[in-house]
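So the structure is just underneath, and the comments pick up after that.
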Amino acid sequence: MNEACRTEFLIATLARLLTGSRRVAVGAQSPIPGSSAFLAQALDLGPQQVTVLGSRRNNDFTEGGRELFDRAAQGRVDAFFLGGGQIDGAANINLVGIGDYPQGKVRFPGSFGSSYLYFLIPKVILFREEHTPRTLVETVDFISAPGTSPANIYRPGGPTALVTGRCVFSFDRQQGRFTLASVHPWSSLAEVRDQTGFTFDEPDLCPVTPAPDPAMLTIIRGPIRDRIAETYPAFARDVLKDDSSA
Amino acid sequence: MTSSLSLSQAVSLIKPGMTLAIPPEYCGVAMAATRELIRQKTGKLHIVAVPQSGLQADMLIGAGLVATVEAAAITMGERGPAPRFVAAIKSGDIAMMDATCPAIHAALQASEKGLPFLPLRGILGTDVLANRPDWRVIDNPFGSDDPIIALPAIRPDVALFHCEMADTCGNLWIGRRRELATMAHASAATVATVEQIHDGDFFADETLAAGALPAAYVDAIAHVPHGTWPLAMPGFHDADATALDAYCAAAVSSDGFAAWLSRHLSHAEAA
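Protein chains in written order, with this note's numbering: chain A, 73 to 318; chain B, 798 to 1068.
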């Protein structure tokens, strides 16, 4: 499977996870999650309102940058995506750096809104395409946002799943652990075990992540490609296929 | 009172050691003014990115003008890490106050309201909090066993940004980019560059008034078309991808940055 097909596969996989979520917001530098939210909306899976940061047309905020956060705190955002330079087995995410803070070995951009949104949005889907022991670690070097919190902390939100370039994990907030949910067709259980730096639970029989059907691909290569191009022109042009020239 | 000034006069309101609030790249970043700051060698700045920055912060850091950065993120976006920021963190040349986006918004809103602090949800149990001794955890006075963060107000000396229009009465028009209003309300002074001058008064038209920032908050305006170049001005022009690619390639080393900067400064405002 080539890169374009894998990207379409991941868009479809993330879109299915948005099933039942009415109001979806997508953060900065998130072309694949953004496309997946548009796809979920086009397929009537649940999303009726998709807000993309950095977009003008797909963004109805009138109160500036704080409105996303204010809406989230009020329970007006149902689903969101987060990533991380490192993600560990307790779903702690690190967007700050590797090594001893602050003068560590690697410096990432920073925590953005993760330290807050992870607590408040009911369905946070973690997405990190690179699935290696470098990114999926036993313990993160810096907690930008914790996977779980003590019972007395106000926390209606948190992680529900982690999608990578090899598999889908679901997250159990009570146990504070990931369970393997499905493996993408180009990977394998052995590969996932080998490339994951944290321990996780495995089902007795691990399903294969379903591929997008032809109807979904037509939507991704047509209307979704056009819609995401406003915010991510290079992604739309270089990564997604153009069905009109096919 | 607002007066329309030359770029160098407007920027000279920003003094060494000041706290400077700057917007994200999806708003209007005053890049011509940033080059002027570098020409004026206005150093020891405390940058507050509202809530994140990219090229602007990276250039000021590379030019050696920044003592402290307070931000939720500094990044070149799709082009990857901000090279001079990363180098300055590793060398310890700048003090970093890592934050999270809503904390910066809320701390500025505290200043808007004249409050010493605002509480905010989330953040508990993070290493962001662990490294911010200026942030406190308090008990919700209206709840029981409900810890909540208290953020001290951020009161910048100057807010610096570029926006669509100024009118001839000294009002700015920012549309729905309300973070620019929050920055201006919270800061002691505001310096803006504008794309165009509107001959009239925004407050004579209720539709325009809804997107206006009153002159009461604005201290200096300079008319600088394309003032965000090489960054985008949403609604006017896209980012200059070639220039940004060249920056990222050059600024990986301090020497490369210095050579790029001297070319950039000599060509930019002449072009």
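The beta-carbon is built from N, C-alpha and C at its ideal position, and this holds for glycine as well.
Three-way DSSP call (helix, strand, coil) for residue i in this model
{"i": "A:Asp273", "result": "strand"}
{"i": "A:Ala318", "result": "Per-residue confidence for A:Ala318 stands at a pLDDT of 45, beneath the threshold of 50, marking its modelled position as unreliable; the derived number appears in the next sentence. Reduced to three states, the DSSP call for A:Ala318 is coil."}
{"i": "B:Ile858", "result": "helix"}
{"i": "B:Pro913", "result": "coil"}
{"i": "B:Leu750", "result": "Residue 750 of chain B falls outside the range modelled here, since chain B spans only 798 to 1068, and no answer is possible."}
{"i": "B:Glu976", "result": "helix"}
{"i": "B:Trp1057", "result": "helix"}
{"i": "A:Glu202", "result": "coil"}
{"i": "B:Met873", "result": "coil"}
{"i": "A:Cys278", "result": "coil"}
{"i": "B:Pro848", "result": "coil"}
{"i": "B:Glu822", "result": "coil"}
{"i": "A:Val212", "result": "coil"}
{"i": "B:Thr1039", "result": "helix"}
{"i": "B:His982", "result": "helix"}
{"i": "B:Asp942", "result": "coil"}
{"i": "B:Ala1068", "result": "Model confidence at B:Ala1068 stands at a pLDDT of 45, short of 50, so the residue's coordinates are unreliable; what they give is reported in the following sentence. Coil, per DSSP."}
{"i": "B:His995", "result": "strand"}
{"i": "B:Asp1002", "result": "coil"}
Buried or exposed by the 16-neighbour rule on C-beta atoms within 10 Å, applied to residue i
{"i": "B:Lys841", "result": "exposed"}
{"i": "B:Ile935", "result": "exposed"}
{"i": "A:Gln246", "result": "exposed"}
{"i": "A:Pro258", "result": "Residue 258 of chain A is actually Trp in this sequence, not Pro. A:Trp258 comes out exposed."}
{"i": "A:Asp160", "result": "buried"}
{"i": "A:Leu261", "result": "exposed"}
{"i": "A:Arg206", "result": "exposed"}
{"i": "B:Trp1057", "result": "buried"}
{"i": "B:Asn937", "result": "exposed"}
{"i": "A:Pro119", "result": "buried"}
{"i": "B:Val925", "result": "buried"}
{"i": "A:Leu277", "result": "exposed"}
Test: residue i CB closer than 9 angstroms to a CB of chain A
{"i": "B:Met893", "result": "yes"}
{"i": "B:Asp943", "result": "yes"}
{"i": "B:Ala1068", "result": "Note that B:Ala1068 has pLDDT 45, beneath the 50 cutoff, so the model's placement of it is unreliable and the number below is only indicative. False, the Cβ-Cβ gap to chain A never drops below 9 angstroms."}
{"i": "B:Ala986", "result": "no"}
{"i": "B:Ala1005", "result": "The amino acid at residue 1005 of chain B is misidentified as Ala; the sequence shows Leu. False, the Cβ-Cβ gap to chain A never drops below 9 angstroms."}
{"i": "B:Ile920", "result": "yes"}
{"i": "B:Glu961", "result": "no"}
{"i": "B:His902", "result": "yes"}
{"i": "B:Glu875", "result": "yes"}
{"i": "B:Gln849", "result": "yes"}
{"i": "B:Pro899", "result": "yes"}
{"i": "B:Thr865", "result": "no"}
{"i": "B:Ala1056", "result": "no"}
{"i": "B:Glu833", "result": "no"}
{"i": "B:Ile994", "result": "no"}
{"i": "B:Asp924", "result": "yes"}
{"i": "B:Gly1032", "result": "yes"}
{"i": "B:Ile871", "result": "yes"}
Contact with chain B by residue i, beta-carbon distance below 9 angstroms
{"i": "A:Asn74", "result": "no"}
{"i": "A:Phe243", "result": "no"}
{"i": "A:Gln101", "result": "yes"}
{"i": "A:Ser107", "result": "no"}
{"i": "A:Ala306", "result": "yes"}
{"i": "A:Arg293", "result": "no"}
{"i": "A:Asp150", "result": "no"}
{"i": "A:Phe133", "result": "yes"}
{"i": "A:Ser259", "result": "no"}
{"i": "A:Gly137", "result": "yes"}
{"i": "A:Phe153", "result": "no"}
Beta-bridge pairing of residue i - partner residues as DSSP gives them
{"i": "B:Asn937", "result": "Answer is none; B:Asn937 lacks a bridge partner."}
{"i": "A:Thr123", "result": "A:Ala97"}
{"i": "A:Lys195", "result": "A:Ala151"}
{"i": "A:Leu252", "result": "A:Phe241"}
{"i": "A:Arg179", "result": "A:Gly169"}
{"i": "B:Val988", "result": "B:Leu957 and B:Ala1017"}
{"i": "B:Val866", "result": "B:Ile844 and B:Met893"}
{"i": "A:Pro231", "result": "A:Val196"}
{"i": "B:Trp1026", "result": "According to DSSP, which records beta bridges pairwise, B:Trp1026 is partnered with nothing at all."}
Closer than 7 angstroms at the beta carbon, the chain D residues around residue i
{"i": "A:Gln175", "result": "In the structure shown, chain D does not exist; the protein chains are A and B."}
Closer than 8 angstroms: residue i CB and nearest the ligand HEM heavy atom
{"i": "B:Gly1053", "result": "Ligands in the displayed structure: none, and consequently the ligand HEM is not present."}
Is it a yes or a no for the stretch 188-207 of chain A touching the stretch 267-283 of chain A, going by three-plus beta-carbon pairs under 8 angstroms? Segments in contact, yes.
- Query: Pairing CB atoms from the stretch 127-136 of chain A with CB atoms from the stretch 170-182 of chain A, are three or more of them under 8 angstroms?
  - Reply: With contact defined as three or more Cβ pairs closer than 8 angstroms, the stretch 127-136 of chain A and the stretch 170-182 of chain A are not in contact.
Quick check: the stretch 149-164 of chain A against the stretch 902-921 of chain B, are at least 3 beta-carbon pairs closer than 8 angstroms? Contact between the stretch 902-921 of chain B and the stretch 149-164 of chain A is absent, because fewer than three Cβ pairs lie under 8 angstroms.
(Q) With a threshold of 8 angstroms, are at least 3 pairs of Cβ atoms found where one atom belongs to the stretch 1002-1009 of chain B and the other to the stretch 1032-1052 of chain B? (A) At 8 angstroms Cβ cutoff, the stretches do not touch.
Practice task
State whether the stretch 75-89 of chain A contacts the stretch 287-299 of chain A, with contact taken as three or more CB pairs (one from each stretch) at a distance under 8 angstroms.
Solution key: Yes, the stretch 75-89 of chain A touches the stretch 287-299 of chain A.
- prompt: Is there contact between the stretch 947-967 of chain B and the stretch 120-128 of chain A, where contact requires at least three CB pairs shorter than 8 angstroms?
  reply: No: the two stretches stay apart, fewer than three of their Cβ pairs being nearer than 8 angstroms.
*Touching or not, the stretch 87-94 of chain A and the stretch 209-225 of chain A, by the rule of three or more beta carbon pairs under 8 angstroms?*
No: the two stretches stay apart, fewer than three of their Cβ pairs being nearer than 8 angstroms.
(request) Please confirm if the stretch 994-1002 of chain B is in contact with the stretch 939-959 of chain B, defined as three or more CB-CB distances below 8 angstroms between the two stretches. (result) At 8 angstroms Cβ cutoff, the stretches do not touch.
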